[in-house]
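S.K.: Have a look at this one.
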Amino acid sequence: MESLLREASAWLASRSIDQWQYPPHRDRITEALEQGVCFLAFQGDKPIATIQVDDFADPEFWKPQDRPDAALYVHRMAVTRTNSGAGVGTSLLDWASERAAARGKQWLRLDAWKDNQGLHRFYKDAGFTLLRIVDLPHRRSGALFQRPTADL
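613 is the number of the first residue of the sequence shown in my numbering; add one for each residue after it.
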């Protein structure tokens, strides 16, 4: 998983996007793996994508009026560049929506980098709605998206 995130970071940097321009948080990755909420997609025996899906609603973004427990949340999704544009990311989000629906959740949610407009378009094309942008000076993420799990 860490190599997938490093590849995504390098690609973003090559496009002058400052998202993920820090070493992957190995401690968070390890914890997600131990909790069984980090998943990999494979092509043959090669990992081509990763996604984390859990019930962690970052309290700096998701407030009580959002009903945080009504959703599952996507974190750290990345697809290899060789599989970019092949629908892998959309398939992962559909899978995550099915997982959320199976757990009785109304929403699949995520927070995205505030100024990565290409990423915002990707999520909108995948059926997400931009709820709002939370602008905290110490956070670069904060574009809050959600889509209903029943839309599949």
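Built from N, CA and C at the ideal position, the CB exists for glycine as well.
Since the structure is predicted, the reported quantities are computational estimates derived from the model, not experimental observations.
1. Just reading off the beta strand (DSSP E) that S753 is part of, what are its end residues?
2. Can you check whether the CB of A755 is closer than 8 angstroms to the CB of W725?
3. At what residues does the alpha helix (DSSP H) containing W719 begin and finish?
4. Considering just the uninterrupted stretch of the beta strand (DSSP E) at K736, what are its terminal residues?
5. Per DSSP, A683 forms a beta bridge with which residues?
6. Going by C-alpha distance, which of F740, T702, N728 is nearest W719?
7. Taking V746 as the reference, which of R733, E646, D727, K736 has the closest Cα?
8. Here's the rule: buried if 16 or more other CB atoms are within 10 angstroms of the residue's CB, otherwise exposed. What is G701?
9. Can you tell which of A644, D678, T692, L705 has the C-alpha that lies nearest to the C-alpha of R744?
10. How far does the alpha helix (DSSP H) with R711 in it reach, from first residue to last?
11. How far does the beta strand (DSSP E) with F654 in it extend, from its first residue to its last?
12. Using the C-alpha atoms, what's the distance from G730 back to A683?
M.R.: So, to answer that:
1. Within the sequence shown, numbered from 1, the residue matching residue 753 stands at position 141. 753 to 760 is the span of the beta strand (DSSP E), which, as asked, contains S753.
2. Looking up residue 725 in the sequence shown gives position 113. Looking up residue 755 in the sequence shown gives position 143. Yes, they are a contact pair.
3. On the sequence shown, residue 719 is found 107 positions in, with the first residue counted as 1. No alpha helix (DSSP H) holds W719; the beta strand (DSSP E) holding it covers 719 to 725.
4. Stepping through the sequence shown from its first residue, residue 736 is reached at position 124. Where K736 is concerned, there is no enclosing beta strand (DSSP E), although the alpha helix (DSSP H) it sits in stretches over 729 to 737.
5. For the purposes of this step, residue 683 is taken as the residue at position 71 of the sequence shown. According to DSSP, A683 bridges with W719.
6. Against the sequence shown, residue 719 aligns to sequence position 107. Among F740, T702, N728, the Cα nearest to that of W719 belongs to F740.
7. For the purposes of this step, residue 746 is taken as the residue at position 134 of the sequence shown. Of R733, E646, D727, K736, the residue nearest in Cα terms is D727.
8. Taking the sequence shown and counting its residues from 1, one reaches residue 701 at position 89. Answer is buried; the Cβ neighbour count reaches 16.
9. Counting from 1 along the sequence shown, the entry for residue 744 is found at position 132. The residue with the shortest Cα to Cα distance from R744 is D678.
10. Counting from one through the sequence shown, the residue named residue 711 turns up at place 99. That run of the alpha helix (DSSP H) goes 700 to 714.
11. What you label residue 654 is simply residue 42 of the sequence shown in a count that begins at 1. Where F654 is concerned, the enclosing beta strand (DSSP E) stretches over 650 to 655.
12. Residue 683 sits at position 71 when you count from the first residue of the sequence shown. Residue 730 sits at position 118 when you count from the first residue of the sequence shown. Answer to the nearest angstrom: the Cα atoms are 24 angstroms apart.
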